[in-house]
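Numbering (full-length UniProt numbering), first residue to last: 1 to 315. Here's the structure, in structure tokens; my notes come after.
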Amino acid sequence: MTEQTIPVVNLRDYTHGGAEEREAFVQALGKALQELGFVAVDGHGVPTDLIHENYRLFESLFGLDDESKRKYERPETGRQRGYTSFGVEHAKGHEKADLKEFWHVGRELPAGHPLARRMPRNEWPSEIEDFRTKTMALYTAMDTCAQHLLEAISVYLGEAPNALPDMAKDGNSVLRVIHYPVCDGFDDPGTMRAAAHEDINLITLLPEATQSGLEILTRDGQWLEVPSLPGQMIVDTGDMMRRVTNDVIPATTHRVVNPKGTPTDRYSMPFFTHPHPDAKLKVLASCLKDGEEPRYPEQTADEYLMERLRENKVG
1 MTEQTIPVVN LRDYTHGGAE EREAFVQALG KALQELGFVA VDGHGVPTDL IHENYRLFES
61 LFGLDDESKR KYERPETGRQ RGYTSFGVEH AKGHEKADLK EFWHVGRELP AGHPLARRMP
121 RNEWPSEIED FRTKTMALYT AMDTCAQHLL EAISVYLGEA PNALPDMAKD GNSVLRVIHY
181 PVCDGFDDPG TMRAAAHEDI NLITLLPEAT QSGLEILTRD GQWLEVPSLP GQMIVDTGDM
241 MRRVTNDVIP ATTHRVVNPK GTPTDRYSMP FFTHPHPDAK LKVLASCLKD GEEPRYPEQT
301 ADEYLMERLR ENKVG
């Protein structure tokens, strides 16, 4: 049986436990993220059946011909919704494109909501039955899980429980479903399924992928494989978390390596938890020691996101 290589916590200890269990969860979660930037989460509450249903859905979607998929490609909005073709995205500072195609599903707000017009419109492929219903059900479940985790991180940092959840309320969070196909290029030096990078957002939730391949860069400079285990969520912190905590909680470099032996397709579906567009990426008071200055200039979440999308050659 494969064992997990990073710390493991159980979210039910926080959502259903007593005071001692909740506090133990907060400390274990916070310590793992502070020291490693990654943690595995059991008891996350996202139904396994829903995860598998969405993988089947997207296997059909990515099986469409390129012309059909490209009808839903929206470079004018930084590809924040809909389809992104194979070979478009580059890791920041990396010349060679990643070996993947993907689809984005974002938040849907009611017409009268102040942010409704500022959120890119979702794309709903007419070729795939139940696409909207199933993907939004998964989005909602992932969003709920993310709010619990952000609350626990807030408590760990010494902030009010709602500090980070309020920042992400009605945020521009994105469910990205990725297809890493079998293709030419696996043997090309410097090219891989996803080159080394850090995530942009606050936290990322990654349910079980269809196969392993994720590796993280430890503090001592070694690449550590993080296996994909059934029923487990891998959670990591992104650059926005690093900025608002003044590096107290870092963003850890990670990658998806090319398959060994006979290659097979890989699917994964990270949920990138973003603040709402006008949220200020400002260092939390609890993360500044006496006399310490913020290490990063204050920006809105939208300004920083657009900057990073341009660096990744999708904006």
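Built from N, CA and C at the ideal position, the CB exists for glycine as well.
Cβ pair residue i, residue j closer than 8 Å
i: residue 305; j: residue 274; result: yes
i: residue 96; j: residue 190; result: yes
i: residue 322; j: residue 57; result: Because the chain here runs from 1 to 315, residue 322 falls outside it and cannot be looked at.
i: residue 221; j: residue 193; result: no
i: residue 37; j: residue 236; result: yes
i: residue 150; j: residue 168; result: yes
i: residue 4; j: residue 227; result: yes
i: residue 121; j: residue 79; result: no
i: residue 253; j: residue 209; result: no
i: residue 186; j: residue 258; result: yes
i: residue 119; j: residue 172; result: yes
i: residue 215; j: residue 255; result: yes
i: residue 157; j: residue 248; result: yes
N-terminal and C-terminal residue of the alpha helix (DSSP H) that residue i is part of
i: residue 244; result: 239 to 244
Which of helix, strand or coil DSSP assigns to residue i
i: residue 36; result: coil
i: residue 296; result: coil
i: residue 172; result: coil
i: residue 134; result: helix
i: residue 272; result: strand
i: residue 280; result: strand
i: residue 81; result: coil
Unbroken beta strand (DSSP E) run spanning residue i, endpoints
i: residue 108; result: No beta strand (DSSP E) contains residue 108, which DSSP labels as neither H nor E.
i: residue 323; result: As shown, the chain starts at 1 and ends at 315. That puts residue 323 outside it, with no answer to give.
Buried or exposed by the 16-neighbour rule on C-beta atoms within 10 Å, applied to residue i
i: residue 69; result: buried
i: residue 230; result: exposed
i: residue 60; result: exposed
i: residue 126; result: exposed
i: residue 46; result: buried
i: residue 262; result: exposed
i: residue 266; result: buried
i: residue 201; result: buried
i: residue 198; result: buried
i: residue 297; result: exposed
Distance cut-off 7 Å: residue i Cβ against heavy atoms of the ligand FMN
i: residue 297; result: Of the ligands one can find in the structure shown there are none, so the ligand FMN has no counterpart to examine.
Inter-residue Cα distance where the pair is residue i and residue j
i: residue 239; j: residue 62; result: 29 Å
i: residue 307; j: residue 175; result: 20 Å
i: residue 11; j: residue 73; result: 36 Å
i: residue 264; j: residue 211; result: 9 Å
i: residue 251; j: residue 244; result: 11 Å
i: residue 50; j: residue 291; result: 49 Å
i: residue 181; j: residue 271; result: 20 Å
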